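K.L.:
So the protein sequences, as listed, match chains A and B. Position 150, counted from 1, in the first sequence is what full-length UniProt numbering calls 150; the numbers after and before it change by one each time, with no gaps. Position 48, counted from 1, in the second sequence is what full-length UniProt numbering calls 48; the numbers after and before it change by one each time, with no gaps. I have a structure I would like to understand better, so I am pasting it below and will then ask my questions one at a time.
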Amino acid sequence: MTATTTAPMATTPARTTRQPSARLRAWATRAPLLPALIFMIAVTQLPFVATLVISFFDWNALYPDARRFTGLDNYRQVLTDADLRQSVWTTVLLTVAVVLASLVLGLALALLLDRRFRGRGVVRTLLIAPFLVVPVAAALLWKHVLYNPEYGLLNGLLHYVGGPQPDWISDTPLLAVEAALVWQWTPFMMLILLAGLQSRDQQQIEAARVDGASDWQIFRHLTLPHLRRYLELGALLGSIYIVQNFDAVFTITSGGLGTANLPYTVYQSFYQAHENGLASAAGVLVVIGSLVIAAFALRVVSSLFREEVSRA
Amino acid sequence: MSAPTVLVRRKGAGLGLLAWLAGIVFFLPIAWMALTSFHSEQDAATNPPSFTASLTLDGYREFFGTGGGASPWPALINSTVASVASTLLVLLLALPAAYALSIRPVKKWTDVLFFFLSTKMLPAVAGLLPIYLFAKNAGLLDNIWLLVVLYTSMNLPIAVWMMQSFLAEVPVAVIEAARVDGARLPTILARVVAPIALPGIAATALICFIFSWNELLFARVLTGVVAETAPVFLTGFITSQGLFLAKVCAASLVISLPVLAAGFAAQDKLVQGLSLGAVK
Chain A
1 MTATTTAPMA TTPARTTRQP SARLRAWATR APLLPALIFM IAVTQLPFVA
51 TLVISFFDWN ALYPDARRFT GLDNYRQVLT DADLRQSVWT TVLLTVAVVL
101 ASLVLGLALA LLLDRRFRGR GVVRTLLIAP FLVVPVAAAL LWKHVLYNPE
151 YGLLNGLLHY VGGPQPDWIS DTPLLAVEAA LVWQWTPFMM LILLAGLQSR
201 DQQQIEAARV DGASDWQIFR HLTLPHLRRY LELGALLGSI YIVQNFDAVF
251 TITSGGLGTA NLPYTVYQSF YQAHENGLAS AAGVLVVIGS LVIAAFALRV
301 VSSLFREEVS RA
Chain B
1 MSAPTVLVRR KGAGLGLLAW LAGIVFFLPI AWMALTSFHS EQDAATNPPS
51 FTASLTLDGY REFFGTGGGA SPWPALINST VASVASTLLV LLLALPAAYA
101 LSIRPVKKWT DVLFFFLSTK MLPAVAGLLP IYLFAKNAGL LDNIWLLVVL
151 YTSMNLPIAV WMMQSFLAEV PVAVIEAARV DGARLPTILA RVVAPIALPG
201 IAATALICFI FSWNELLFAR VLTGVVAETA PVFLTGFITS QGLFLAKVCA
251 ASLVISLPVL AAGFAAQDKL VQGLSLGAVK
């Protein structure tokens with residue numbers, strides 16, 4: 001980033017000096033923005049408002065005439081229904097486990113890749129590849145090619161060493177989904193953390209090394225504090241994406257065996273059970289959960305963003 | 001050479017080896033999928049796995065429907081239409097918006113930027129049901145253009161953020177100089193802004209393409225037989241159908257190829273896109 005982000009701000013006062021056509025000019029400046037803005041509001045905000053309204057109705061699509069206003073009843077039902085409560089819990093468990101595991105693995109890989117070694121570019125490419133497999137294809141790959149108890153690769157490799165032959169998906173369904181997601185999301189974390197590592201102040205690290213600091217001391221007192229916000233960013237963005245995950249749950253377990261998360265439950269309750277009101281209430285709960293994460297995420301993004309702007 | 005240097009060297013080589021090992025472990029499932037896709041169904045389903053079985057294109061023949069199954073071509077074409085059209089629409093909407101947020105910024109341009117970002121944090125399921133009901137009443141179910149609109153809204157915030165930062169990299173002094181020399185806006189955009197911002201715009205387009213190509217939830221709910229996309233086609237493989245491993249692998253690989261290609265092409269800007277512009 002260069003002086004460019006602040007420079008436009010510097011030109012703003014010149015344009016807002018009071019002239020007869022100032023208002024016209026302001027609109028001319030705004031005009032290029034409007035199509036995108038209106039499009040976004042129409043396609044994302046309006047449907048959510050509709051979801052909010054529907055969530056207050058008892059509405060099964062199979063009995064449209066019985067539709068009536070029920071206030072907060074759907075929410076009460078979602079929060080007291082054992083299955084739905086289970087899916088809230090599953091969502092939390094899935095998100096936390098996947099984000100933490102891929103963050104730790106991503107950090108280790110980023111540290112390995114931050115060093116110079118022969119074939120670094122190739123290794124980087126190999127590591128990014130899992131993230132670039134279509135999510136459904138990745139889930140199919142894990143389900144059929146790796147996990148299958150009869151001919152899957154995992155049991156095939158275990159066979160060589162005379163190990164047990166578990167039925168991965170039936171024995172540990174949630175873990176099976178999580179492992180597949182960790183495989184796909186570790187590269188994402190690695191890329192963010194690698195960018196963080198490469199933005200470190202190299203002179204400061206050299207100075208510390210000259211002063212006799214050990215590798216661990218440099219990592220603990222220089223690298224980790226610098227990485228903190230990148231770790232936060234990875235965790236928050238990862239959470240936002242994984243809270244919404246549908247593909248892996250849908251493909252690997254079809255929401256069975258206690259792996260149904262909220263997005264899957266929303267899908268199922270209106271697509272299969274036609275419970276529009278309940279589905280909407282569950283959807284609103286997903287939004288509330290995401291908003292909490294998003295509030296933090298926006299703060300981190302905005303602090304990184306302001307730093308970029310002020311670095312100019 | 002002194003003893004500590006040798007030690008550091010050896011440690012360095014060890015860590016390099018570890019990095020290679022990690023790369024191979026992460027890539028192994030994909031490599032195995034590729035190998036399996038070239039095996040016959042019998043060889044693909046052996047335990048222990050056969051690494052040396054003879055290679056065949058049967059899996060690909062099966063996938064492309066010459067074996068009598070459903071042809072994947074309509075789904076592949078639908079996915080191409082949805083991804084390419086929505087990416088073009090995103091560029092059409094995001095470029096002027098990014099211009100109004102960087103080169104000639106509106107007042108409070110950061111607020112607008114963060115509004116775009118916040119819409120990205122609204123989960124897709126939040127609007128799914130009303131969109132479904134709307135599509136049903138408007139007769140737009142199973143229509144690929146509905147997905148084009150939805151994918152555009154999904155990618156627009158990312159594109160606005162990325163393009164804003166790319167356009168902001170164009171030095172204002174250069175633009176001013178061109179203006180002083182009497183160049184008009186279209187000329188400035190074509191001669192000054194485009195050459196600097198073009199690589200970034202291309203990367204943005206590739207990332208939007210990837211996200212549209214990958215999308216499953218909307219496509220699954222809103223399309224049926226006519227507008228089915230490639231990920232929806234893949235969901236047909238969720239339940240096992242006897243010996244079909246080579247076919248599944250061929251299908252997964254073929255459908256992932258555009259994403260792998262686009263992803264590697266946009267590798268350098270991938271982080272910026274995925275972190276919504278927060279990391280450069």
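Quick reminder that beta carbons are idealized off the backbone N, C-alpha and C, glycines included. Because the structure is a prediction, the values reported are computed rather than measured.
Would residue 282/B pass as an interface residue toward chain A - the criterion being a Cβ-Cβ separation below 8 Å?
P.N.:
Here chain B has residues from 1 to 280 only, and residue 282/B is not among them.
K.L.:
Can you find a CB in chain B that lies within less than 8 Å of the CB of Val-88/A?
P.N.:
Not closer than 8 Å to any Cβ of chain B, the Cβ of Val-88/A fails to qualify, so no.
K.L.:
Using a Cβ-Cβ cut-off of less than 7 Å, list which residues of the stretch 145 to 171 of chain A approach chain B; keep chain order.
P.N.:
Answer set for the stretch 145 to 171 of chain A: Val-145, Leu-146, Glu-150, Tyr-151, Leu-153, Asn-155, Gly-156, His-159, Tyr-160.
K.L.:
With 8 Å set as the bound, which would you pick, yes or no: does the beta-carbon of Arg-191/B sit closer than that to a beta-carbon of chain A?
P.N.:
Not an interface residue.
K.L.:
Would a C-beta distance cut-off of 8 Å place Leu-112/A and Ser-252/B closer than the cut-off?
P.N.:
Their beta carbons are not under 8 Å apart, which means Leu-112/A does not touch Ser-252/B by this criterion.
K.L.:
For Trp-27/A, count neighbouring C-beta atoms within 10 Å of its own C-beta (all shown protein chains included) and say buried if the count is 16 or more, exposed if not.
P.N.:
Trp-27/A comes out exposed.
K.L.:
Assuming Leu-158/A and Val-145/A make a contact with CB atoms under 8 Å, what is their CB distance in whole Å?
P.N.:
Not quite, the Cβ-Cβ distance comes to about 15 Å (not below 8 Å), so this is no contact.
K.L.:
If the cut is a Cβ gap below 8 Å, which residues of chain A does Cys-208/B touch?
P.N.:
Correct list: empty, because the minimum Cβ distance to chain A is about 13 Å.
K.L.:
The alpha helix (DSSP H) with Arg-220/A in it runs from where to where?
P.N.:
Where Arg-220/A is concerned, there is no enclosing alpha helix (DSSP H), given that its DSSP letter is neither H nor E.
K.L.:
Please identify the residue among Ala-279/A, Gly-238/A, Leu-174/A whose C-alpha is closest to the C-alpha of Arg-76/A.
P.N.:
Here the closest residue by C-alpha is Ala-279/A.
K.L.:
Quick check for students: name the residue ranges of the alpha helix (DSSP H) that lie wholly in the stretch 168 to 203 of chain B, counting only runs of 4 or more.
P.N.:
Within the stretch 168 to 203 of chain B, the complete alpha helix (DSSP H) runs of at least 4 residues are 172 to 180, 185 to 188.
K.L.:
Considering only residues of the same chain and omitting the five flanking positions on each side of Thr-70/A, which have a CB-CB separation below 6 Å?
P.N.:
Closer than 6 Å at Cβ, skipping near neighbours: Asp-58.
K.L.:
State the DSSP-derived secondary structure class of Glu-275/A, mapped to helix, strand or coil.
P.N.:
Strand at Glu-275/A.
K.L.:
Give the DSSP-derived three-state secondary structure of Asn-47/B in the structure shown.
P.N.:
Note: Asn-47/B maps to coil in three-state DSSP.
K.L.:
Figure out for me which residue from Leu-174/A, Pro-225/A, Glu-307/A, Arg-220/A has the closest Cα to the Cα of residue 338/A.
P.N.:
The structure shown does not extend to residue 338/A, since chain A spans only 1 to 312, so no value can be given for it.
K.L.:
Please report whether the beta-carbon of Arg-299/A lies at a distance below 8 Å from any beta-carbon of chain B.
P.N.:
No, Arg-299/A does not count as interfacial toward chain B.
K.L.:
Are the Cβ atoms of Ile-188/B and Gly-273/B separated by less than 8 Å?
P.N.:
Their beta carbons are not under 8 Å apart, which means Ile-188/B does not touch Gly-273/B by this criterion.
K.L.:
Alpha carbon to alpha carbon, how far is Thr-4/A from Gln-198/A?
P.N.:
Unreliable positioning characterises Thr-4/A in this predicted model, as indicated by a pLDDT of 40, which lies under 50. A coordinate reading is not provided.
K.L.:
Per DSSP, Asp-58/A is paired with what?
P.N.:
Looking at the DSSP assignment, Asp-58/A forms a beta bridge with Arg-68/A.
K.L.:
Considering just the uninterrupted stretch of the alpha helix (DSSP H) at Tyr-99/B, what are its terminal residues?
P.N.:
73 to 99 is the span of the alpha helix (DSSP H), which, as asked, contains Tyr-99/B.
K.L.:
Under a CB-based cut-off of 8 Å, is Gln-244/A close to chain B?
P.N.:
Closer than 8 Å: yes.
K.L.:
State the Cα-Cα distance for the pair Ile-242/A and Arg-10/B, rounded to the nearest angstrom.
P.N.:
Rounded to the nearest angstrom, the two C-alpha atoms are 40 Å apart.
K.L.:
Is the beta carbon of Val-98/A less than 8 Å from the beta carbon of Trp-185/A?
P.N.:
Taking 8 Å as the Cβ cut-off, Val-98/A and Trp-185/A qualify as a contacting pair.
K.L.:
Which whole-angstrom value describes the C-beta separation of Pro-74/B and Glu-215/B, a residue pair presumed to lie in contact below a C-beta threshold of 8 Å?
P.N.:
Not confirmed; about 17 Å, so no contact.
K.L.:
Is there a C-beta anywhere in chain B that falls below 8 Å from the one on Leu-181/A?
P.N.:
Chain B contact via Cβ: absent.
K.L.:
So Val-221/B packs on Tyr-267/A, CB below 8 Å; how close in whole Å?
P.N.:
That pair is a contact at about 7 Å.
K.L.:
Can the beta-carbon of Phe-51/B be found less than 8 Å from the beta-carbon of Leu-126/A?
P.N.:
No, these two residues do not count as a Cβ contact at 8 Å.
K.L.:
Against chain A, with Cβ distances strictly below 8 Å, would Gln-241/B count as a contact?
P.N.:
Cβ-Cβ to chain A under 8 Å: no for Gln-241/B.
K.L.:
Using a beta-carbon distance cut-off of less than 9 Å, what residues from the stretch 274 to 292 of chain A approach chain B?
P.N.:
So the close ones are Asn-276, Ala-279, Ser-280, Ala-282, Gly-283, Val-284, Val-286, Val-287, Gly-289, Ser-290, Leu-291.
K.L.:
State the Cα-Cα distance for the pair Thr-155/A and Gly-162/A, rounded to the nearest angstrom.
P.N.:
Checking the displayed sequence, the identity of residue 155/A turns out to be Asn instead of Thr. About 10 Å.
K.L.:
Which residues in the same chain as Thr-16/A place their Cβ atom closer than 6 Å to its Cβ, once the five residues preceding and following it in sequence are excluded?
P.N.:
Caution is warranted here: a pLDDT of 47 is assigned to Thr-16/A, below 50, making its placement in the model unreliable, and the coordinate value is therefore given only provisionally. Taken in chain order, the list of residues that qualify is empty.
K.L.:
Where does Lys-107/B sit, in a helix, a strand or coil, going by DSSP?
P.N.:
Reduced to three states, the DSSP call for Lys-107/B is coil.
K.L.:
Since Ala-61/A and Asn-261/A are thought to touch, with beta carbons under 8 Å apart, how far apart are those beta carbons, to the nearest angstrom?
P.N.:
Not really, about 23 Å apart at Cβ, beyond 8 Å.
K.L.:
Which residues in the same chain as Pro-187/A place their Cβ atom closer than 7 Å to its Cβ, once the five residues preceding and following it in sequence are excluded?
P.N.:
Closer than 7 Å at the Cβ level, and outside the excluded window around Pro-187/A, lie Leu-127, Ile-128, Pro-130, Phe-131.
K.L.:
Taking 8 Å as the cut-off, decide whether the C-beta atoms of Met-121/B and Ala-294/A are in contact.
P.N.:
Going by C-beta atoms, Met-121/B is nearer than 8 Å to Ala-294/A.
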